[in-house]
Structure formats: structure tokens, C-alpha cells
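Just so you know, the sequence shown maps onto residues 10 to 614 in this note's numbering.
Heads up, the beta-carbon is just placed ideally off N, CA and C, and yes, glycines get one too.
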Amino acid sequence: MDNQTYNQIVSFIWGIADDCLRDVYVRGKYRDVILPMTVIRRLDVVLEETKDEVLKMKAMLDTAGITNQTEALCNVAKQSFCNGSEFRLRDLTSRASQQKLKADFIAYLDGFSPNVQEILDKFKFRNQIDTMVDADILGAVIEKFVSPTINLAPFPLLDDNGGIRMPALNNHTMGTIFEELIRRFNEENNEEAGEHFTPRDVVELMADLIFLPVADQIKDSTYSVYDAASGTGGMLTVSQDRLIELAQRNNRTVSIHLFGQEINPETYAITKADMLLKGGGAEVDNIAYGSTLSSDGFPSRQFDFMLSNPPYGKSWKSDAEKMGGKKGIQDTRFVTDFAGIPDFGMIPRTSDGQLLFLLNNVSKMKETTELGSRIAEVHNGSSLFTGDAGQGESNARRYLIERDLVEAIIALPENMFYNTGIGTFIWVLSNRKSRIRKGKIQLIDATSLKSPLRKNLGKKNCELTDDIRRQIIELFLNFEENEYSKIFDNIAFGYYKVTVLRPQLGEDGKPLCDKKGKFIADKELTDTEKIPLDYEGGINAFMTKEVLPYAPDAWIDEKQTKIGYEISFTKHFYKPVQLRELSEIVADIRALEAETDGLLEEVLG
């Protein structure tokens with residue numbers, strides 16, 4: 010489907026809200042009708058072709074007194090869902106009274122199979138029926154959605170000559186339309202920046218980052234893909250398509266199982282609908298509802314590939330409370346035995362839980378397979394550097410880096426996302442690093458690799474074209490240093506945080522000692538130092554070279570020494586501004602003086 014047709018569908022659906030809902034709903038509530046009706050029409054149009062056969066089967070089952078009819082009706086419908094009511098949606102456009110329309114519409118909704126009922130419940134759509142009936146707009150809304158001027162079907166509409174009058178709307182594009190509608194609704198409601206969706210160009214880059222390095226290792230086998238913050242399922246859809254494509258290139262046949270978890274009821278409902286439309290059947294149950302952090306839907310599962318764009322800059326305080334309070338959390342995803350510390354805590358501040366999603370994914374990596382697991386996850390910059398040595402964020406970085414899981418971190422251009430202009434970074438992890446990557450981390454600065462959009466989509470003003478994505482992937486796969494790519498030993502990002510003490514001095518100028526003969530530290534002179542883990546000679550050499558020449562009575566409080574990790578793109582990719590030559594500056598000043606003199610003469614006449 011081309012962009013023009015896509016935009017026409019989005020504009021048409023968006024226009025239904027303005028045409029039918031304006032005087033009944035405030036703009037912030039349009040989504041309560043438009044999103045579920047879009048899903049209902051999409052499901053309805055898929056079922057239209059087999060409707061007569063389904064009704065015949067239902068009549069037979071009713072005559073035989075069989076009440077559990079779902080499986081049989083779905084088989085006739087050739088889908089993993091069905092509708093056993095006597096109505097199609099287009100049958101409901103004309104009724105003698107609003108109450109008759111209400112009754113028939115409810116009967117139509119009741120006819121859907123249980124897996125669709127859950128979707129309707131998450132949308133809370135039935136709550137809207139009385140409002141629409143009372144305002145006499147239900148019929149108008151239905152009529153708009155069954156209009157012959159748009160095609161929401163996964164097959165093309167043909168003209169009288171058998172030519173394509175309207176192209177098919179595949180599941181991938183349907184998902185994109187949902188995301189665009191939600192983006193617009195969020196924008197109308199001034200939703201916070203953290204509530205954003207991942208543009209397809211970023212998702213496609215993430216998919217390539219986890220699949221391409223192991224493309225030649227893909228076998229005729231079954232693989233699992235997981236998204237811990239699945240939204241409308243876009244990452245799962247793109248990943249599935251990409252993995253199948255790569256397998257086919259190598260003459261491989263793969264079976265892919267998709268798993269996800271989503272906390273927002275609307276987007277969860279859309280993902281479930283998308284899975285149903287793909288014929289997912291039992292796969293629909295692989296999408297869990299609720300918070301990944303406090304109610305992990307897959308506590309005992311491990312996955313081959315994981316992609317996520319978790320919420321960042323968003324409080325997870327309610328999750329912390331459900332897990333026993335920040336200090337009481339014992340979840341082994343976030344508190345574990347590591348580095349000789351039995352309760353090594355990686356709990357970040359409650360204002361931002363994005364690193365917990367990365368730790369959740371790491372906990373689900375496969376350790377027993379040849380491929381292991383690969384992860385691509387989008388974060389903002391705070392995951393790189395917030396938290397002091399020994400604090401949760403720093404400990405999380407230490408855990409990931411000292412376990413040698415981080416392959417690369419890629420800085421994306423600003424304004425890549427719809428609802429936020431902040432800089433973002435893709436973390437790429439693997440527990441089966443190639444030989445040349447072992448003990449190394451690659452930083453890629455792709456902030457300048459972008460193509461401007463002709464028209465902004467919310468805050469998004471640029472994109473990663475196919476060529477740009479290929480350029481980034483080549484930088485990653487080539488694993489060489491250049492102006493965009495830097496390679497470091499893992500240890501380069503670690504440091505010791507040491508507490509340097511100096512003694513109190515008595516009136517005679519000599520250090521004061523306690524009863525055990527140890528110097529008494531002067532709190533006013535206490536200082537801390539960050540010493541790189543790779544500093545030659547370690548802490549003692551640092552003290553000898555950097556501290557003792559200036560404070561010969563200083564010593565280190567070894568009990569307070571902690572290890573921290575932080576990553577600074579600015580430090581490694583800083584490009585100093587080229588200063589202008591003095592002669593150029595002088596020339597500009599003289600030119601301005603001449604211009605000013607001319608203006609002054611003109612003013613004075």
C-alpha cells in the first residue's frame with residue numbers, strides 16, 4: 010500500500026470523529042469510540058466472506074443442542090475468531106428506532122467469540138453504546154465505518170472489470186494505522202513524552218541489529234521473539250517478517266512464536282486483535298496483560314530474540330510498592346548474587362524504570378543454545394550515566410558489562426520519535442558474542458545519519474531511510490573504528506569511587522589519633538576520587554601520582570571504595586568547534602564598521 014492510500018485511510022477514520030462525535034464527546038474521548046470501532050470493522054470485514062456458511066453451521070449446532078460452538082464456527086470462518094450473530098456490521102446501518110439498533114448492535118457484539126470479547130472488554134466499548142444511542146449517532150458511526158470509499162480488508166476490492174479498485178490493507182499497515190491514530194489522540198490529549206510508539210524505521214533497524222549478525226546461523230527450527238513493552242505489537246510484527254525473510258534467503262524454513270506484555274488496555278486490545286487477524290489461534294494467549302515489572306507474564310520462559318522500547322522518564326513507584334517497596338524488592342531479575350555480593354541490587358530511582366526492562370530481558374536469555382539470545386532495546390540517555398557508584402543504575406550497567414553482554418550502543422538522531430524530541434540510544438546485547446567482540450563494546454554515533462521528513466509527524470522530523478539503515482548496520486557489522494564508530498574494552502567504562510581522608514591536626518600541627526592510634530579523619534577535608542579501572546597500577550598508583558604529591562598525609566578509606574560504570578558518548582565523540590582565523594574576524598568587524606558609517610550618514614542626511 011502506498012503512502013497516499015495509507016494517509017487517506019487515516020484521514021478518513023480521523024474524520025469520522027469530527028463528523029459524528031464532535032457534539033457528543035470531548036476530543037479527548039474520541040478514541041473511546043474510534044479505536045474499538047476500527048478493530049471491530051477490521052474483524053467484521055475479514056468474516057464477511059464466510060458469514061453465510063457460519064450461520065448455516067450455527068443453525069445445525071443449535072438444532073443439535075450443542076452449546077459450545079466456538080471451535081466449529083471458527084473452523085467454518087477459517088479464522089481463529091468468529092461471530093455467530095445473524096448480523097454483519099453493514100446490516101446495522103438502518104433501523105426503525107434507536108432502541109432496535111441498540112438491541113441488534115449488542116446482539117452483534119455478543120456474537121463474537123470469547124477471544125474478541127476480551128478485546129472489547131479492554132476497550133470498555135460497551136460503556137459507549139448508551140451515549141451513542143442517546144445522541145442518535147450510533148447508526149451514523151456504523152455507516153461511516155462500512156463506507157465503500159475505504160477498504161479495511163486484508164484483500165483488495167475489485168471493480169466491475171476485475172481490476173483492483175482499492176488495495177489490500179495488510180496486518181503490518183493496519184498496525185501502523187492504529188499507531189498513527191493513537192499518536193494523534195495522544196497529541197490531542199497532551200500525553201506525556203514517555204507515552205510514545207516506535208517508528209517503523211527504528212524498529213526495522215533494531216530487527217536487523219539482532220538478526221543480521223546471526224543470519225547464517227538460522228536453521229530450520231522454531232524461534233521465539235519477545236517484547237516486554239509490546240504496545241500495539243509493531244516490533245513483534247516487523248521482527249517476524251524480517252526473520253522469515255532472512256531465513257528464506259538462506260533456504261531455511263522457520264516457525265516463529267511471538268510473545269509480549271502490555272500494560273495499557275487499549276494497546277493490549279489492538280495487539281490481541283492483530284494476532285487474531287494473523288490467524289494466531291493459541292498464539293493470542295502469548296500476549297500478557299499487566300505490568301512486566303511487578304507482574305511478569307512469562308516468569309519461567311526464555312526467548313531467542315527480544316526487542317523493546319520501554320517507557321523512560323516514567324515513574325514505576327506503584328510497581329515498586331507491589332513488589333514490597335523499593336528497599337524490599339527481592340525479585341531475582343533485579344536483585345541477584347553477583348561480584349561476590351549476595352544481594353547485588355540494581356534498583357534504579359522510582360522516577361525512571363527503563364533499566365529494569367533491560368534486566369528483565371537479560372533474565373530471559375537462553376544459556377543452553379548455540380545462538381543464545383540477542384536483545385535490542387531503546388533507551389534515553391539516562392541509562393548511560395545516571396546513578397553513582399554502588400547505586401542501582403550503575404550496578405545495572407556493571408552487571409551487564411562485567412557479564413560481557415553489551416555488544417554495542419547506538420546513538421540515534423534527535424526527533425526520531427513522535428511525541429518526544431530527546432536523544433535515544435539502542436542497546437544491543439548478546440550472550441554469545443563473536444570472538445572479536447568478546448570483552449569489547451562498540452559505540453556508534455549515528456546522530457548525524459538522518460533524512461528530513463517533508464512533513465513532521467508530531468515531534469518526528471527525520472527518518473532512517475533504507476540506505477541510512479544499511480550504513481548503520483555496516484558500521485555495526487564491520488566492527489571497525491572510524492568517525493562514527495569507536496571500540497573499547499569493557500573495563501574502559503568502569504571506575505573506582507574512593508573516599509580520600511586526611512587527618513585532623515592538633516594545635517601543635519600534628520595529626521590527632523584515636524585510642525587505637527589511628528588518625529582521626531577531618532570531615533572538612535574528606536574528598537572522593539573517580540579512578541578508572543584501567544588506570545595503570547590501580548588505586549595505589551593513582552594515589553602516588555595524583556594525590557600524595559599535593560596531600561602527603563592522605564589515605565583511602567577502603568571500606569567505602571565502590572565500583573561504578575558510566576558511558577559518555579560526548580566524551581568519545583566530541584568534535585571541537587573550529588575557531589575562526591583572527592584575520593577573518595577583523596575583516597568582519599571592518600565590514601560592519603563601514604556599513605554602520607554608511608547608515609549613519611544616510612540618517613543624518
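Original post:
Which partner residues does P512 have in the DSSP bridge list?
Top reply: For the purposes of this step, residue 512 is taken as the residue at position 503 of the sequence shown. The partner list for P512 (beta bridge, DSSP) reads A530.
Original post:
Between which two residues does the beta strand (DSSP E) carrying Q451 extend?
Top reply: Here residue 451 refers to the residue found at position 442 when the sequence shown is read from its first residue. Run containing Q451: K449 to D454, per the beta strand (DSSP E) assignment.
**OP:** Taking the CB atoms as reference points, tell me whether L316 and V371 lie closer together than 8 Å.
**Re:** Here residue 316 refers to the residue found at position 307 of the sequence shown. Here residue 371 refers to the residue found at position 362 of the sequence shown. Cβ atoms of L316 and V371: not closer than 8 Å.
Original post:
What is the rounded straight-line gap between the Cα of R441 and the Cα of S382?
Top reply: Along the sequence shown, read from residue 1 onward, the residue named residue 441 stands at position 432. Along the sequence shown, read from residue 1 onward, the residue named residue 382 stands at position 373. In a straight line, the C-alpha of R441 is about 7 Å away from that of S382.
**OP:** On a CA-only basis, which of D328, K568 and N136 is nearest I5? Give me that one, please.
**Re:** Absent from the structure is residue 5, since the part of the chain shown begins at 10 and ends at 614.
Subject >> Where D169 sits in the DSSP three-state scheme >> reply: For the purposes of this step, residue 169 is identified with residue 160 of the sequence shown, where counting begins at 1. Coil, per DSSP.
Subject >> Three-way DSSP call (helix, strand, coil) for D305 in this model >> reply: On the sequence shown, residue 305 is found 296 positions in, with the first residue counted as 1. Three-state result, D305: coil.
Subject >> Inter-residue Cα distance where the pair is F134 and I128 >> reply: Sequence index remark: in the sequence shown, residue 134 carries index 125 (1-based). Sequence index remark: in the sequence shown, residue 128 carries index 119 (1-based). Their backbone Cα atoms lie some 9 Å apart in a straight line.
Original post:
Should S577 be labelled buried (16 or more other beta-carbon atoms within 10 Å of its own) or exposed?
Top reply: Here residue 577 refers to the residue found at position 568 of the sequence shown. The residue is exposed, with fewer than 16 neighbouring Cβ atoms inside 10 Å.
Original post:
Out of curiosity, what's the CA-to-CA distance linking Q226 and M141?
Top reply: On the sequence shown, position 217 is the one that residue 226 refers to. On the sequence shown, position 132 is the one that residue 141 refers to. One C-alpha to the other measures close to 55 Å.
Original post:
I435: buried (16+ other C-beta within 10 angstroms of its C-beta) or exposed?
Top reply: If you number the sequence shown from 1, residue 435 lands on position 426. Buried, because 16 or more other Cβ atoms sit within 10 Å of the Cβ of I435.
**OP:** Would you mind working out which of S391, E376 and T429 sits nearest R412, comparing C-alpha positions?
**Re:** As a position in the sequence shown, residue 412 is number 403, starting the count at 1. Nearest of S391, E376 and T429 to R412, Cα basis: E376.
Original post:
Can you name, in chain order, every residue of its own chain whose Cβ lies under 6 Å from the Cβ of I496, other than the five neighbours on each side?
Top reply: The residue given as residue 496 occupies position 487 in the sequence shown. K449, Q451 and E490.
**OP:** With DSSP as the reference, label R155 as helix, strand or coil.
**Re:** The residue labelled residue 155 in the question sits at position 146 within the sequence shown. As written in the sequence, residue 155 is Val, which differs from the Arg given in the question. Coil.
Original post:
Looking at the unbroken alpha helix (DSSP H) that takes in R383, where does it start and where does it end?
Top reply: As a working mapping, residue 383 is identified with position 374 in the sequence shown. Per DSSP, R383 belongs to no alpha helix (DSSP H); it is in the beta strand (DSSP E), R383 to N389.
Subject >> Runs of beta strand (DSSP E) wholly within the stretch 423 to 481 (minimum 3 residues, chain order) >> reply: 433 to 439, 449 to 454, 460 to 466 and 469 to 472
**OP:** Could you tell me which of P176, N424 and R444 sits nearest to S457, measuring between CA atoms?
**Re:** As a working mapping, residue 457 is identified with position 448 in the sequence shown. When each option's Cα is compared against that of S457, the closest is N424.
Subject >> CA nearest to the CA of L414, picked from F121, I384, Q480 and L118 >> reply: In the sequence shown, residue 414 corresponds to position 405, counting from 1. The residue with the shortest Cα to Cα distance from L414 is I384.
**OP:** Report yes or no: do the stretch 94 to 110 and the stretch 153 to 161 share at least 3 C-beta pairs separated by less than 8 Å?
**Re:** yes
**OP:** Using only alpha-carbon positions, find the residue among I49, M183 and E386 that is nearest to Q17.
**Re:** Start at 1 with the first residue of the sequence shown, and residue 17 comes out as number 8. Nearest of I49, M183 and E386 to Q17, Cα basis: M183.
**OP:** Kindly indicate the opening and closing residues of the alpha helix (DSSP H) around G243.
**Re:** Taking the first residue of the sequence shown as position 1, residue 243 is located at position 234. G243 -> alpha helix (DSSP H) spans G243 to R258.
**OP:** Specify the secondary structure class of W325 as computed by DSSP and reduced to three states.
**Re:** On the sequence shown, position 316 is the one that residue 325 refers to. W325 falls in the coil class under three-state DSSP.
Original post:
Near G390, which residues of its chain fall below 7 Å by C-beta distance, leaving aside the five closest residues on each side in sequence?
Top reply: Translated into positions along the sequence shown, residue 390 becomes position 381. So the list reads G432 and F434, once near-sequence residues are dropped.
Subject >> For R104, three-class secondary structure by DSSP >> reply: The count along the sequence shown starts at 1 and reaches residue 104 at position 95. In this structure, R104 counts as coil in the three-state DSSP scheme.
Subject >> Distance between beta carbons of L462 and L468, contact taken as under 8 Å >> reply: For the purposes of this step, residue 468 is taken as the residue at position 459 of the sequence shown. For the purposes of this step, residue 462 is taken as the residue at position 453 of the sequence shown. First, the residue type needs correcting, since residue 468 is Lys and not Leu in the sequence shown. Contact doesn't hold; Cβ gap of about 11 Å is too wide.
**OP:** Could you check if V35 is buried or exposed, using at least 16 other CB atoms within 10 Å of its CB as the buried criterion?
**Re:** In the sequence shown, counting from the first residue as 1, residue 35 sits at position 26. Its Cβ having fewer than 16 others within 10 Å, V35 is exposed.
Original post:
Identify the residues that DSSP records as bridge partners of C522: which are they?
Top reply: Working through the sequence shown from its first residue, we reach residue 522 at position 513. Its beta-bridge partners are F528.
**OP:** Give the range of the alpha helix (DSSP H) segment to which Q270 is assigned.
**Re:** What you label residue 270 is simply residue 261 of the sequence shown in a count that begins at 1. Not the alpha helix (DSSP H): Q270 falls in the beta strand (DSSP E), residues S264 to E271.
Original post:
Using CA coordinates, which residue listed in D53, V150, D454 and C83 is at the minimum distance from D41?
Top reply: Numbered from 1 along the sequence shown, position 32 holds the residue referred to as residue 41. It is V150.
Subject >> Other residues of its chain near L245: CB distance less than 7 Å, five sequence neighbours each side excluded >> reply: Here residue 245 is taken as the residue at index 236 of the sequence shown, counted from 1. The answer, listed in chain order, is V234, D236, S239, L267 and G269.
Original post:
Which runs of the alpha helix (DSSP H) spanning at least 4 residues fall entirely within the stretch 69 to 145, listed in chain order?
Top reply: 79 to 86, 107 to 119, 123 to 132 and 138 to 143
**OP:** Taking Y39 as the reference, give the member of L255, I22, D597 and I49 with the closest Cα.
**Re:** The residue given as residue 39 occupies position 30 in the sequence shown. Taking only the C-alpha atoms, the option nearest Y39 is I22.
Original post:
Quick one, are the C-beta atoms of A398 and K506 less than 8 Å apart?
Top reply: Your numbering for residue 398 matches position 389 in the sequence shown. Your numbering for residue 506 matches position 497 in the sequence shown. Their beta carbons are under 8 Å apart, which means A398 touches K506 by this criterion.
Original post:
If you compare alpha carbons, which of V55, L190, R193 and D119 is closest to L178?
Top reply: As a working note, residue 178 is residue 169 in the sequence shown. Out of V55, L190, R193 and D119, V55 has the C-alpha closest to the C-alpha of L178.
**OP:** Could you pull out every residue in the same chain whose Cβ sits closer than 6 Å to the Cβ of F90, ignoring the five residues on either side in sequence?
**Re:** Walking along the sequence shown from the start, residue 90 turns up at place 81. Cβ neighbours of F90 beyond the five flanking positions: S122, N124, V125 and L285.
Subject >> Rounded straight-line distance, which links the Cα of V437 to that of L364 >> reply: Counting from one through the sequence shown, the residue named residue 364 turns up at place 355. Counting from one through the sequence shown, the residue named residue 437 turns up at place 428. When rounded, the distance between both Cα atoms is 13 Å.
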